[in-house]
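First comes the structure, then the notes that go with it.
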Amino acid sequence: MPLLYPLVLASALFGIGLYGVLARRNAVMMLLGVELMLNAVNLNLVAFDAWFADVVHSGQVLTLFTITLAAAEIGLGLAIILALFRALRTVDVDEVGR
Amino acid sequence: MTLTEIVFLVFAVIAVGSALLSMTSGQLVHAALWLVVTLGAVAGCFVLMTAEFVAWVQVLVYVGSVVVLVIFALMLTRQPSGARSAEVTGNRWVAAVLGAAAAIGLGATMVAGFGGEQIEGRRIGTAGSIGDALFNDWVLPFEILSGVLLAALIGAIVISRSGSDR
């Protein structure tokens, strides 16, 4: 399989995630965009691991680390968003910014 | 073109299409469910790139728990104004241009740098080989990561509790 397939797919997912982070109004949807960008990074790590045929599997182990950190990040992020919602009764980033 | 490549391209088209739907859908819960499709298709891509253990972790952690958390948060923060919160901000065209520029720029860099390379899949990422690598060569980062995860969980509990006292 050409190495380019996963790399181009990862670029597309990263761009879509960036659009989501910048354009979405709901703070939870912004977090979903961040998850999409992290998944693009995971795809790159796995693709380069398979291409390099790494003995210590650096790419795949780092992917596991990224998945764990993404889970920690979304847990903290959602806790902050819930606290924000309790304080302001909204999760709309435009209204929160005012 | 081999069967692996055809299946990979199918998964790639599914992933990109459902990611676009997820980021543009007006219904928030639909957007979260489209993200499940994207993450599942990416897990399929992992299997095709000989990373079967990572694929199952992706299914367990992302599809199993992250999306459930997100749907919980969406339902807890549902606003009385309904669908208005699903709208995009006023700068959506700037965001679209920036997203497209990032995707095209990254893609062009990848094409220029790794044009003719092939993945041969000589080392399969089974649970056994990943476990060997994790507990022989990556023990220290693994232990530090468990501390980070614990700190994040305690932080999330503290942030959620301090809001409910008031």
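Here the protein sequences come in this chain order: X and D. Residues 1 to 98 (our numbering) are what the first sequence spells out, left to right. Residues 1001 to 1166 (our numbering) are what the second sequence spells out, left to right. Glycine included, each C-beta is placed from N, C-alpha and C at the ideal position. In this text the structure is predicted, and so the values were computed from the model without any measurement.
Counting along the chain, where does the alpha helix (DSSP H) carrying residue i start and finish?
| i | result |
| --- | --- |
| N39 (chain X) | 27–52 |
| I1124 (chain D) | From DSSP, I1124 (chain D) is part of no alpha helix (DSSP H); its letter is neither H nor E. |
| V1068 (chain D) | 1067–1076 |
| G97 (chain X) | 93–97 |
| E1181 (chain D) | In the structure displayed, chain D extends from 1001 to 1166; residue 1181 (chain D) sits before or after that span and is not available. |
Does residue i come out as helix, strand or coil in the three-state DSSP assignment?
| i | result |
| --- | --- |
| V1088 (chain D) | strand |
| R86 (chain X) | helix |
| D1137 (chain D) | coil |
| R24 (chain X) | strand |
| Q60 (chain X) | helix |
| Q963 (chain D) | Because chain D in this structure spans residues 1001 to 1166, residue 963 (chain D) falls outside the shown range and cannot be described. |
Rounded to the nearest angstrom, what separates residue i and residue j at their Cα positions?
| i | j | result |
| --- | --- | --- |
| G1147 (chain D) | V8 (chain X) | 34 Å |
| T68 (chain X) | A1096 (chain D) | 29 Å |
| V1111 (chain D) | R1161 (chain D) | 49 Å |
| V56 (chain X) | Q1027 (chain D) | 43 Å |
| L88 (chain X) | I81 (chain X) | 10 Å |
| F1135 (chain D) | M1023 (chain D) | 38 Å |
| L64 (chain X) | S58 (chain X) | 10 Å |
| L4 (chain X) | V1066 (chain D) | 29 Å |
| L1153 (chain D) | V1070 (chain D) | 16 Å |
| A1032 (chain D) | T1077 (chain D) | 14 Å |
| A1102 (chain D) | L1003 (chain D) | 30 Å |
| A1051 (chain D) | A1043 (chain D) | 9 Å |
| L76 (chain X) | L32 (chain X) | 13 Å |
| E1117 (chain D) | V96 (chain X) | 47 Å |
| W1093 (chain D) | A1073 (chain D) | 27 Å |
| V34 (chain X) | A40 (chain X) | 10 Å |
| A47 (chain X) | R98 (chain X) | 43 Å |
| G1064 (chain D) | V1016 (chain D) | 20 Å |
| V1068 (chain D) | G1113 (chain D) | 38 Å |
| G1128 (chain D) | F1053 (chain D) | 9 Å |
| T1126 (chain D) | V1139 (chain D) | 18 Å |
| G15 (chain X) | L1098 (chain D) | 8 Å |
| D1132 (chain D) | I1104 (chain D) | 38 Å |
| A1007 (chain D) | F85 (chain X) | One point to set straight first is that residue 1007 (chain D) is Val, not Ala, in the sequence displayed. Straight-line Cα distance between these residues: approximately 43 Å. |
Mind reading off the beta-carbon distance from residue i to residue j? Whole number of angstroms is fine, and I expect it under 8 Å.
| i | j | result |
| --- | --- | --- |
| L13 (chain X) | L45 (chain X) | With a Cβ gap of about 13 Å, L13 (chain X) and L45 (chain X) do not count as contacting. |
| I1156 (chain D) | A71 (chain X) | For the record, residue 1156 (chain D) in the displayed sequence is Ala; it is not Ile. Their Cβ separation, rounded to whole angstroms, is 11 Å, which puts A1156 (chain D) and A71 (chain X) out of contact at 8 Å. |
| A27 (chain X) | T1089 (chain D) | Rounded, the Cβ-Cβ distance is 12 Å, inconsistent with contact. |
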